[in-house]
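Asks: Taking UniProt numbering, the leading residue of the sequence shown gets 1, the next gets one more, and so forth.
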Amino acid sequence: MRRSLLLAGLALSVFSSQAIWVTYSPVTSLVAEDLDVSKEEVGLLAIVYPAAFLALTIPSGVLLDRAFRTWLTVGVLLTGAAGVLRLLDPLSYEWLLACQVLAALGQPLLLNSFAPAASTIRPERRDTVVSLLSFAMYLGIIYALGTGYYIYTRLGLQWLNIPIAAVSAASVILYVAGLPALPQQAGSGLGFKDVVSEFRLLAGRRDLWLLGLILGLGVALFDNMSIWLEAALSPKGLGDIAGSSVALALLAGLVGVAVIPPRVVRVGLRSWYIRAAALLVAVLYLALALETSRLAVQTLIPLAGLVMLPAYPVIMEWISTYYDKRLQGKAAGAIGFVSRILTVSLASAATLFLSSPSAYFTFLAVLSTIAFAIALLLPSDR
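1) For Asp207, which of Asp36, Thr79 and Ala375 has the nearest alpha-carbon?
2) Label Met316 either buried or exposed according to how many other C-beta atoms from any shown protein chain fall within 10 Å of its C-beta, with 16 as the threshold for buried.
3) Between which two residues does the alpha helix (DSSP H) harbouring Glu41 extend?
4) Which whole-angstrom value is the C-beta distance of Val196 and Ser16, which I expect to be below 8 Å?
5) Please list the terminal residues of the continuous alpha helix (DSSP H) segment that includes Ala373.
6) Cα-Cα, which of Ser131, Gly146, Ala46 and Ser113 is closest to Ala103?
7) Does the distance between the C-beta of Phe15 and the nearest non-hydrogen atom of the ligand NAD fall short of 7 Å?
8) If you follow the alpha helix (DSSP H) that Pro302 is part of, which residue opens it and which one closes it?
9) On the three-pair Cβ rule with 8 Å, is the segment 248-258 touching the segment 336-352?
10) Relative to the C-alpha of Asp65, which candidate in Lys330, Gly336, Ala371 and Arg340 has its C-alpha closest?
11) Under a Cβ-count criterion, where at least 16 other Cβ atoms within 10 Å of its own Cβ denotes burial, should Met1 be classed as buried or exposed?
12) Please report how far the alpha carbon of Glu94 lies from the alpha carbon of Phe372, in whole angstroms.
13) Excluding the 5 residues preceding and the 5 following Ser131 in the sequence, name in chain order all residues of the same chain whose CB lies nearer than 7 Å to its CB.
14) Using a Cβ-Cβ cutoff of less than 7 Å, which residues in the same chain neighbour Gly146 once the five nearest sequence positions on both sides are dropped?
15) Excluding five sequence neighbours on each side, which residues of the same chain lie with their C-beta closer than 7 Å to the C-beta of Leu6?
16) Which runs of the alpha helix (DSSP H) spanning at least 4 residues fall entirely within the segment 184-266, listed in chain order?
17) Could you tell me how far apart the beta carbons of Met137 and Leu364 are, in whole angstroms, since I believe they sit closer than 8 Å?
18) Among the candidates Leu35, Val172, Ile370 and Asp36, whose CA atom is the shortest distance from the CA of Leu210?
19) Identify, in the order they occur along the chain, each residue of the same chain with its Cβ nearer than 6 Å to the Cβ of Ala186, setting aside the five sequence neighbours on each side.
20) Give the straight-line distance between the Cα atoms of Gln100 and Leu290, rounded to the nearest whole angstrom.
21) In chain order, what residues of the same chain lie with their CB nearer than 7 Å to the CB of Ser38, ignoring the 5 residues before and after it?
22) Who are the Cβ neighbours of Asp89 in its own chain at under 7 Å, not counting the five residues just before and after it?
23) On the premise that Ser368 lies in contact with Val307, defined as a C-beta separation below 8 Å, what is that separation, rounded to the nearest angstrom?
24) Under the rule that 16 or more other beta-carbon atoms within 10 Å means buried, what is Leu10, buried or exposed?
25) Does Ser348 come out as helix, strand or coil in the three-state DSSP assignment?
26) Output needed for Ala8: all residues of its chain with C-beta closer than 6 Å, excluding positions within five of it in sequence on either side, in chain order.
27) From the DSSP output, in three-state form, read off Ser92 for me.
28) Looking at the secondary structure, which residues open and close the alpha helix (DSSP H) in which Phe114 lies?
29) Count the other C-beta atoms from every protein chain shown that fall within 10 angstroms of the C-beta of Leu155, then say buried if there are 16 or more, exposed otherwise.
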């Protein structure tokens with residue numbers, strides 16, 4: 001029972017963290033008017049998240065491996081506090097920014113906990129735990145992006161924060177209630193030399209570099225699609241379906257996350273799934289480059305989301321299965337760092353291919369083909 005409470009609290013905390021991240025993204029211009037600040041300053045409320053993750057992903061992995069229970073609890077408490085404290089002064093930009101920073105500090109601890117949490121909380125069902133936490137991660141984003149405009153235009157700025165605050169508070173209550181079920185396991189080496197030695201060991205793992213590159217290309221694909229799809233479709237007069245197509249891709253991916261990873265893991269086809277997903281996504285984008293119609297966009301982009309998003313929990317489960325417990329936090333942090341560096345490097349690359357939908361989707365197909373080529377180098381997990 002306590003393990004179930006613990007897992008529920010952690011899942012809600014992950015949901016809250018992601019919802020806090022993009023709370024104001026759907027209504028950036030409107031919130032800027034309410035707070036009497038620029039749109040760029042409102043955008044900064046979201047930008048602090050990836051900036052903090054890039055800086056803290058490796059240190060957070062080290063801390064989780066040293067004292068998993070302690071630092072996971074810190075991540076949950078930081079997120080819970082940020083979600084609730086936003087209610088105190090929702091019209092103060094400085095206060096909201098401080099709360100965003102608080103949540104951004106907790107996010108790397110939560111996201112890098114997936115593999116060690118699966119190994120610690122329910123080692124017999126690692127695949128299920130990783131899928132649940134990944135599901136919560138995507139659902140938090142979908143909730144904030146999907147409901148933000150509706151809530152804001154009907155109920156106002158404060159009500160953007162209230163539901164997330166309620167979930168944040170519930171996450172802390174459930175997590176603390178289940179905390180006795182989480183053992184404080186012996187951590188990895190505490191000295192600087194120990195940490196350096198462990199990272200040298202990880203650096204020699206070829207699969208870690210390959211997974212980091214594959215994840216980075218996957219995130220870059222989805223980020224570029226989310227940001228630039230409307231601009232790419234506009235020359236053909238299809239810009240109006242960009243938002244709904246991305247939303248459908250997220251929803252399809254959510255279904256995929258719930259269904260696909262446990263089945264892939266049970267039959268030992270992790271590496272084959274990653275390869276197949278990358279190849280299929282490349283084919284789908286190439287098809288869109290050749291035929292960019294309303295029906296094709298609204299069908300093939302959700303199909304890409306269906307197979308692409310489940311790759312994340314498959315990669316996290318790979319870590320929980322094939323890496324020693326004392327290294328799982330560092331491994332997740334290292335993969336996160338490699339992938340984020342690649343994602344940031346490719347963040348604006350799509351702007352070079354917005355002259356036509358054909359050029360844009362060809363660019364995305366090339367990225368996915370590169371991911372497929374890298375995935376061919378992965379070792380078999382059978």
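Ideal placement from N, C-alpha and C gives every residue a C-beta, glycine not left out.
Replies: A quick look at the data gives this:
1) Put simply, of Asp36, Thr79 and Ala375 the residue whose alpha carbon is nearest the alpha carbon of Asp207 is Ala375.
2) Its Cβ being crowded by 16 or more others within 10 Å, Met316 is buried.
3) Lys39 to Arg66
4) In this structure, Val196 and Ser16 do not form a Cβ contact; the two beta carbons are roughly 34 Å apart against a cut-off of 8 Å.
5) Pro357 to Ala375
6) Closest by alpha carbon: Ala46.
7) Questions concerning the ligand NAD fall outside what the structure shown contains, since it holds no ligand whatsoever.
8) Arg294 to Met308
9) no
10) Checked all of Lys330, Gly336, Ala371 and Arg340; the closest Cα to Asp65 is Lys330.
11) Looking at its Cβ environment, which holds fewer than 16 other Cβ atoms inside 10 Å, Met1 is exposed.
12) 44 Å
13) Val257, Ala258, Pro261, Pro262 and Pro313.
14) Ala247
15) Ile121, Tyr175, Gly178, Leu179, Ala181 and Leu182
16) 192-203, 206-233 and 242-266
17) At roughly 22 Å, the Cβ-Cβ gap does not stay under 8 Å, so Met137 and Leu364 are not in contact.
18) Minimum Cα distance to Leu210 is reached at Ile370.
19) Here Ala186 scores only 48 on pLDDT, less than 50, and its place in the model should not be relied on; the value that follows carries that caveat. In its own chain, leaving out the 5 sequence neighbours on each side, no residue places its CB closer than 6 Å to the CB of Ala186.
20) Spanning the two alpha carbons is a distance of roughly 42 Å.
21) Result list for Ser38: Ala32, in chain order.
22) Trp95
23) Between Ser368 and Val307 the Cβ distance is about 11 Å, and since that is not below 8 Å, they are no contact.
24) buried
25) coil
26) Leu174
27) coil
28) Phe114 to Ile121
29) exposed
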